[in-house]
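Numbering (the numbering used here), first residue to last: 848 to 992. Every residue gets a Cβ at the ideal spot worked out from N, C-alpha and C, and that includes glycine.
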Ligand code: DQA
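Next up, the structure:
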């Protein structure tokens, strides 16, 4: 197992910065990836990143991390709430899993209160906006130590 961390983003997160800024803030996806990369490098970890609007791409990225990446940090977007294929792929992954959300889905519409990802994550970081990326990398570093 290497010290590589795979950061995954699901649907619509490519629109960060433009999409509902009152909820998700004005930072772009690139800004968040840069935050995560800086935090990872500071912790001696290498960061890989993929964003996709297609569930299958994320399933395949999780399969590709098996036996290769030490951890996955995943913000699955709306797939969080119903994508059992992501649940099963993460259940078959042997490394650390951190679920990450910019907003706090538990404080929003009732349909966002269910996460099919949480049961297969080591932990979840929600509601801290872009600072969540540094917190997620710190959680990985701590779990690996
Ligand atoms: C989100 C929360 C989800 O409910 C929503 O569908 C998103 C973004 C977040 O980061 O707060 O796309 O994952």
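Distances from the alpha-carbon of residue 989 to those of 956, 890, 885 put 890 closest. By the Cβ criterion, the stretch 969-978 is in contact with the stretch 872-882, since at least three pairs of Cβ atoms, one from each stretch, lie closer than 8 Å. Where residue 918 is concerned, the enclosing beta strand (DSSP E) starts and stops at 918-922. Shown here, residue 910 sits in a helix according to DSSP, grouped into three states. The beta-bridge partner set that DSSP reports for residue 943 consists of 918.
Residue side-chain check: residue 859 places its Cβ nearer than 7 Å to a non-hydrogen atom of the ligand DQA.
Segment contact: the stretch 914-925 against the stretch 862-876, fewer than three CB-CB distances shorter than 8 Å; contact not assigned.
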